[in-house]
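Asker: Once you've had a glance at the structure underneath, I'll fire off some questions.
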Amino acid sequence: MSYDFLMKIAIIGNTCVGKSALTRRFSDNKFIPHFDATIGVDFTSIHVRVDSKIVKLQIWDTAGQENFAPIIRSYYRGVAGVLIVFDVGDKRTFDNLNFWLHELETNKDLNHPCPVIVVGHKIDKTHRAVSRDEAEEFAKLKGVTYMEASSKTGENVDGIFHEIVRKILTNIKDGFPVGTRLNPMNEANKRLELVKDVKDH
Ligand SMILES: Nc1nc2c(ncn2[C@@H]2O[C@H](COP(=O)(O)OP(=O)(O)OP(=O)(O)O)[C@@H](O)[C@H]2O)c(=O)[nH]1
Ligand SMILES: [Mg+2]
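Residue numbers are given in this note's numbering: position 70 of the sequence shown equals residue 73, and the series is strictly consecutive.
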């Protein structure tokens, strides 16, 4: 399938917060209640249309178990955007967001503007341990975006992926940032045309 841009994004966060469920809901619109823990990194590729652009999104769904953290570090390089996920019903996963932000900051490409969305996940749960206000305040303090979703019900899952793509498209206005590429099948002069198009949007 043809596309205008290719973008690599990574999904990080503690084990069991639902990173694989989020990826699966977005790619296949399915929810599987019992997922195996991810070993290392799983890779999914999906085409999305955002603001009239067709984007080939490469999603790196990483393992949240602590012993995988050193392996995951090598994947931060070359990503165009990152989703950091926590479970709104599990305070420890929220408290660990600082760890994940630090992992990203110290391992991504230097001076690379990398949009981050913190995702409050599993909002279908009846008991919440972290309120929306608390999470929004944290995100504001860290200069990142906060959004919520549930892979179980599907609520706002597309919205999150579309928003990260939108943020990366905004970055493309200023040149081609790390982790993005034009479709190599497009002729070279298409590049200018596309950038202009994104700028005008
Ligand atoms: N209630 C609820 N449960 C969810 C949701 N998404 C995932 N889960 C459950 O959370 C558990 C963990 O989901 P995974 O997607 O495997 O979690 P993960 O973050 O990929 O875990 P690792 O691969 O170990 O890092 C599963 O048993 C899911 O059923 C959700 O939106 N709501
Ligand atoms: Mg997983």
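Note that the Cβ used here is the ideal one computed from N, Cα and C, for glycine as well.
1) SER23: beta carbon under 6 Å from a heavy atom of ligand 2?
2) Just to confirm my understanding: we take MET150, look at its own chain, exclude 5 residues before and 5 after, and list those with CB closer than 8 Å. What are they?
3) Reducing DSSP to helix, strand and coil, say where ILE35 ends up.
4) Apart from the five residues just before and just after ASN192, which ones in its own chain have a Cβ nearer than 8 Å to its Cβ?
5) Do you know offhand how far ILE171's Cα is from VAL53's?
6) How many angstroms separate the CA atom of ALA142 from the CA atom of THR148?
7) So, using beta-carbon positions, are GLY84 and VAL181 closer together than 7 Å?
8) Do you know how far the Cα of TYR79 is from the Cα of TRP103?
9) Whole beta strand (DSSP E) runs in the stretch 134-191 with 3 or more residues, listed along the chain?
10) If we require 3 or more residues per run, which beta strand (DSSP E) segments fall completely within the stretch 44-107?
11) Using a Cβ-based criterion (distance less than 6 Å to any ligand heavy atom), does THR18 qualify as near ligand 1?
12) Does the Cβ of LEU107 have 16 or more other Cβ atoms within 10 Å, making it buried, or fewer, making it exposed?
Answerer: Concretely, from the data shown:
1) The residue you call residue 23 lines up with position 20 of the sequence shown. Relative to ligand 2, the beta carbon of SER23 is positioned inside 6 Å of a heavy atom.
2) In the sequence shown, counting from the first residue as 1, residue 150 sits at position 147. Closer than 8 Å at Cβ, skipping near neighbours: ILE120, VAL121, VAL122, GLY123, ASN159, GLY162, ILE163, GLU166.
3) The residue given as residue 35 occupies position 32 in the sequence shown. The answer is coil: DSSP assigns ILE35 none of H, G, I, E or B.
4) Residue 192 sits at position 189 when you count from the first residue of the sequence shown. Bear in mind that a pLDDT of 48 at ASN192, under 50, signals an unreliable position, so the number given afterwards is only what the model happens to contain. Excluding residues within five positions, none has a Cβ falling inside 8 Å.
5) Against the sequence shown, residue 171 aligns to sequence position 168. Against the sequence shown, residue 53 aligns to sequence position 50. When rounded, the distance between both Cα atoms is 11 Å.
6) Walking along the sequence shown from the start, residue 142 turns up at place 139. Walking along the sequence shown from the start, residue 148 turns up at place 145. Distance between the alpha carbons of ALA142 and THR148 is about 6 Å.
7) Position 81 of the sequence shown, counted from the start, is the residue given in the question as residue 84. Position 178 of the sequence shown, counted from the start, is the residue given in the question as residue 181. Going by C-beta atoms, GLY84 is not nearer than 7 Å to VAL181.
8) Position 100 of the sequence shown holds residue 103. Position 76 of the sequence shown holds residue 79. Annotation: TRP103 to TYR79 spans about 11 Å, alpha carbon to alpha carbon.
9) As far as the stretch 134-191 is concerned, its whole beta strand (DSSP E) runs of at least 3 residues are 148-152, 183-185.
10) For secondary structure counted as the beta strand (DSSP E) over 3 or more consecutive residues, the stretch 44-107 holds these complete runs in sequence order: 44-53, 56-65, 84-90.
11) If you number the sequence shown from 1, residue 18 lands on position 15. Correct: THR18 has its Cβ closer than 6 Å to ligand 1.
12) For the purposes of this step, residue 107 is taken as residue 104 along the sequence shown, with counting starting at 1. Around the beta carbon of LEU107, 16 or more other beta carbons sit within 10 angstroms, so the residue counts as buried.
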